[in-house]
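>
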Amino acid sequence: MALSPSEKMFNPFFTTKPARQGAGLGLSISYNIIVQQPRGEIKVETEEGQFTKFVISLPRSS
Numbered sequence: 068m069a070l071s072p073s074e075k076m077f078n079p080f081f082t083t084k085p086a087r088q089g090a091g092l093g094l095s096i097s098y099n100i101i102v103q104q105p106r107g108e109i110k111v112e113t114e115e116g117q118f119t120k121f122v123i124s125l126p127r128s129s
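In structure tokens form, the structure reads like this:
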């Protein structure tokens, strides 16, 4: 079974744009900064052809 774009959107170099119109690194870098370093969370809600919503949660610093 093929993965949908939302299942691989955080992979480095993944893009839905035509060749030479984006490196596909934006969401991968964002994921690294938000989730892997400070233990935050990114939730994605999408309706194909309509919208994509990202909700970012970060832990409070002490």
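The sequence shown begins at 68 in the working numbering and counts up one residue at a time.
The beta carbon of each residue, even a glycine, is placed where N, CA and C say it ideally should be.
Could you tell me the distance, in whole angstroms, from the CA atom of Phe81 to the CA atom of Arg127?
Rounded to the nearest angstrom, the two C-alpha atoms are 31 angstroms apart.
> The beta strand (DSSP E) with Ile123 in it runs from where to where?
Taken as a continuous stretch (DSSP letters only), the beta strand (DSSP E) holding Ile123 covers 118-124.
> State the start and end residues of the unbroken beta strand (DSSP E) segment that holds Ile109.
Looking at the DSSP string, the run of the beta strand (DSSP E) that includes Ile109 is 108-114.
> So, under 8 angstroms CB-CB, Phe121 and Tyr98 are touching, yes? Tell me the CB distance rounded to an integer number of Å.
The pair is not a contact, with the Cβ atoms about 11 angstroms apart (cut-off 8 angstroms).
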